[in-house]
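Residue numbers (my numbering): 39 to 518.
We put the CB at the ideal spot given by N, CA and C, even for glycine.
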């Protein structure tokens, strides 16, 4: 071989090594970029927990940024799946975790906006995780925290199916969750085994109660959502009449479940579940066909089938499919007042505040009930507080006995001197008088309680439209 040939071979070898080095450098950069996107997505997702639960403009930008990062992350792992499998050791459960987070984002968009079509998008991603068995090999990892993630995925998927009335899939998921919990308990004997068993019992009971209607021994699942078929057409000539009067529409809704003992799953009681459907329109079937090659679209994307999330509350109430709502499970007085005030503030012109309260009754046990706003009692709230004030529903004791036998006489004297006229009302409950400030705007009030009668004589102080629906205080014998 000539010297020229040897030099040529050496040059080719050097060039090959340079190319390999360049390729390795490029691969390393791609892995670093994926790691950066993954870490950033986790930080933004965790930051969602710190956002205020009420108000609109505070949380929209953060949700938008989170979706943008997950969009990039999802597309990136699709484009570089082979490389990430080789260099990053990307596992299927990690892909499933990303998809699960996207499903959670869509679900929380539904909670924040009341747009039921986002439920379909959450269902698409959760369903794909199950279909493609992303979590199928988690048990082999021998890591209990991964098993917990898998169980939480099942619980979230069941909630979405429950809200979409996908009963068949939901029952299949409950069976799978039962088997997964058994495997989890046998493998790790965890401290939270009883908690997961409670979750399973709650959802099983919830499903059974929701399907109480049977026709020819076949359980029938009722849908309480509005559809065009359920809305009667306006009679002829009504449009002309309506054009001459002021029209109102429900724009803000609070659904409060505060019964001490009631069938529930997660933080959704059976009455909250039925009421939230009654104020929603039936969602359109999802058009977001999920597959391995699809690109996750953010609700904030201009190309997305839904409206831009940033415009949902920018005065564009006319185009919103459903009124905005808050779901409050066992809130205390402060939380109820804060959320109601926020909804009151967000009401547009001619907007109605819809307030549904389901709670145990509270009676003052006064011999003489004169003052309508507080004397007749109200409904109980969740008594989460640090002081020692009792929140019982028993007749109040005399002022001299409320402090106990060891109380100082000077304290008793001070208390008696500064007490208002009559027995003290419980500070943690909702009375009719507490709702008077919100009568400044149209109010639709529903009280579902055994003391709903306390709200029957609420005065229309400000001349605004006001409707109240009160449940019976006793059930007919036939329902016992």
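Between the alpha carbons of residue i and residue j, how many angstroms are there, rounded?
{"i": "residue 501", "j": "residue 241", "result": "45 Å"}
{"i": "residue 359", "j": "residue 295", "result": "24 Å"}
{"i": "residue 370", "j": "residue 465", "result": "10 Å"}
{"i": "residue 507", "j": "residue 484", "result": "5 Å"}
{"i": "residue 494", "j": "residue 515", "result": "23 Å"}
{"i": "residue 288", "j": "residue 362", "result": "9 Å"}
{"i": "residue 183", "j": "residue 212", "result": "20 Å"}
{"i": "residue 313", "j": "residue 305", "result": "14 Å"}
{"i": "residue 126", "j": "residue 199", "result": "34 Å"}
{"i": "residue 376", "j": "residue 92", "result": "8 Å"}
{"i": "residue 204", "j": "residue 196", "result": "9 Å"}
{"i": "residue 119", "j": "residue 207", "result": "30 Å"}
{"i": "residue 230", "j": "residue 72", "result": "33 Å"}
{"i": "residue 263", "j": "residue 317", "result": "7 Å"}
{"i": "residue 106", "j": "residue 278", "result": "47 Å"}
{"i": "residue 181", "j": "residue 136", "result": "18 Å"}
{"i": "residue 513", "j": "residue 416", "result": "19 Å"}
{"i": "residue 99", "j": "residue 276", "result": "42 Å"}
{"i": "residue 482", "j": "residue 372", "result": "21 Å"}
{"i": "residue 62", "j": "residue 116", "result": "20 Å"}
Taking residue i as the reference, which of the options has the closest Cα?
{"i": "residue 235", "options": "377, 246, 247, 221", "result": "221"}
{"i": "residue 396", "options": "403, 367, 415", "result": "367"}
{"i": "residue 265", "options": "515, 80, 83, 320", "result": "320"}
{"i": "residue 112", "options": "219, 134, 307", "result": "134"}
{"i": "residue 293", "options": "402, 398, 118, 378", "result": "378"}
{"i": "residue 78", "options": "62, 472, 109", "result": "109"}
{"i": "residue 284", "options": "228, 388, 263", "result": "388"}
{"i": "residue 315", "options": "421, 153, 513, 62", "result": "153"}
{"i": "residue 104", "options": "82, 317, 505", "result": "82"}
{"i": "residue 419", "options": "467, 373, 372", "result": "467"}
{"i": "residue 520", "options": "302, 421, 417, 364", "result": "Lying before the first or after the last residue shown, residue 520 is absent from the chain, which here runs from 39 to 518."}
{"i": "residue 139", "options": "84, 263, 282", "result": "84"}
{"i": "residue 210", "options": "107, 238, 121, 63", "result": "238"}
{"i": "residue 179", "options": "168, 132, 116, 190", "result": "132"}
{"i": "residue 243", "options": "380, 307, 505", "result": "307"}
Determine, using beta carbons only, whether residue i comes closer than 9 Å to chain C.
{"i": "residue 388", "result": "The structure shown has no chain C; it contains just one protein chain."}
Just curious, the alpha helix (DSSP H) that residue i is in, first and last residue?
{"i": "residue 129", "result": "Segment: none, residue 129 is in no alpha helix (DSSP H) and carries neither H nor E."}
{"i": "residue 381", "result": "371 to 384"}
{"i": "residue 102", "result": "98 to 117"}
{"i": "residue 486", "result": "No alpha helix (DSSP H) contains residue 486, which is instead part of the beta strand (DSSP E) from 481 to 486."}
{"i": "residue 155", "result": "155 to 169"}
{"i": "residue 242", "result": "231 to 248"}
{"i": "residue 175", "result": "Neither: residue 175 is in no alpha helix (DSSP H) and is coded neither H nor E."}
{"i": "residue 506", "result": "Where residue 506 is concerned, there is no enclosing alpha helix (DSSP H), although the beta strand (DSSP E) it sits in stretches over 504 to 508."}
{"i": "residue 365", "result": "Where residue 365 is concerned, there is no enclosing alpha helix (DSSP H), although the beta strand (DSSP E) it sits in stretches over 362 to 367."}
{"i": "residue 496", "result": "Premise fails: residue 496 is in no alpha helix (DSSP H) and is neither H nor E."}
{"i": "residue 218", "result": "205 to 226"}
{"i": "residue 277", "result": "276 to 280"}
{"i": "residue 309", "result": "308 to 316"}
According to the Cβ coordinates, are residue i and residue j closer than 9 Å?
{"i": "residue 146", "j": "residue 86", "result": "yes"}
{"i": "residue 298", "j": "residue 309", "result": "no"}
{"i": "residue 161", "j": "residue 141", "result": "yes"}
{"i": "residue 274", "j": "residue 280", "result": "no"}
{"i": "residue 157", "j": "residue 192", "result": "no"}
{"i": "residue 391", "j": "residue 480", "result": "yes"}
{"i": "residue 101", "j": "residue 150", "result": "yes"}
{"i": "residue 194", "j": "residue 172", "result": "no"}
{"i": "residue 497", "j": "residue 412", "result": "no"}
{"i": "residue 401", "j": "residue 414", "result": "yes"}
{"i": "residue 187", "j": "residue 218", "result": "no"}
{"i": "residue 393", "j": "residue 473", "result": "yes"}
{"i": "residue 130", "j": "residue 175", "result": "yes"}
{"i": "residue 503", "j": "residue 286", "result": "yes"}
{"i": "residue 290", "j": "residue 385", "result": "yes"}
Compute the minimum distance between the beta carbon of residue i and the heavy atoms of the ligand ZN, and state whether it is under 8 Å.
{"i": "residue 136", "result": "Of ligands this structure carries none, so the ligand ZN is not represented either."}
Starting from the C-beta of residue i, find all residues in its chain whose C-beta is less than 8 Å away, skip the five residues before and the five after it, and write them out in chain order.
{"i": "residue 177", "result": "185, 221, 225"}
{"i": "residue 121", "result": "65, 68, 69"}
{"i": "residue 124", "result": "none"}
Excluding the 5 residues flanking residue i on each side, which residues of the same chain have their C-beta closer than 7 Å to its C-beta?
{"i": "residue 509", "result": "485, 486, 487, 490"}
{"i": "residue 382", "result": "391, 476, 479"}
{"i": "residue 511", "result": "488, 489, 490, 491"}
Under DSSP, the beta strand (DSSP E) around residue i begins and ends at which residues?
{"i": "residue 392", "result": "389 to 397"}
{"i": "residue 296", "result": "287 to 296"}
{"i": "residue 195", "result": "Here residue 195 belongs to no beta strand (DSSP E); instead the alpha helix (DSSP H) covers 182 to 202."}
Excluding the 5 residues flanking residue i on each side, which residues of the same chain have their C-beta closer than 6 Å to its C-beta?
{"i": "residue 97", "result": "89"}
{"i": "residue 148", "result": "156, 157"}
{"i": "residue 201", "result": "157"}
{"i": "residue 248", "result": "none"}
{"i": "residue 128", "result": "122"}
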